[in-house]
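Colleague: Below: one structure in structure tokens.
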Amino acid sequence: MKYIIAILLGLIVSITIAFTIIHHPILDRFNPFLKTEYSYAKVPKGTQQYVNITAYSERGEKLDYKLTFNGF
Numbered sequence: 671m672k673y674i675i676a677i678l679l680g681l682i683v684s685i686t687i688a689f690t691i692i693h694h695p696i697l698d699r700f701n702p703f704l705k706t707e708y709s710y711a712k713v714p715k716g717t718q719q720y721v722n723i724t725a726y727s728e729r730g731e732k733l734d735y736k737l738t739f740n741g742f
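Adding 670 to a residue's 1-based position in the sequence shown gives its number in my numbering.
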């Protein structure tokens, strides 16, 4: 019984460490430790591929990162 509890505890600790260390878009969707952050951007019309788009905060300030994504 102690062996099973030790294995389960080790598995839970391993998953928790993996969530905090590994950053991947699919894993990040299920990671309860990440905060949701909203930003805004002006994008060009007539395209579905957006590269190096400047992000803005809610107050209109430029953020330090650029966005690259595809539209639908």
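Cβ coordinates follow ideal geometry from the N, Cα and C atoms, glycine included.
1) Among G741, G716 and K712, whose alpha-carbon lies nearest the alpha-carbon of E731?
2) Pull up the distance between the alpha-carbon of T717 and that of I723, whole angstroms please.
3) From what residue to what residue does the alpha helix (DSSP H) around F700 run?
4) Considering only residues of the same chain and omitting the five flanking positions on each side of Y726, which have a CB-CB separation below 7 Å?
Modeller: Working from what's here:
1) On the sequence shown, residue 731 is found 61 positions in, with the first residue counted as 1. Checking every option, the nearest Cα to that of E731 belongs to K712.
2) Here residue 717 is taken as the residue at index 47 of the sequence shown, counted from 1. Here residue 723 is taken as the residue at index 53 of the sequence shown, counted from 1. Computed Cα separation, rounded: 13 Å.
3) Locating residue 700 in the sequence shown gives position 30, counting from the first residue. First-last of the alpha helix (DSSP H) with F700: P695 to F700.
4) Here residue 726 refers to the residue found at position 56 of the sequence shown. Correct list, in chain order: S709, Y710, A711, K732 and L733.
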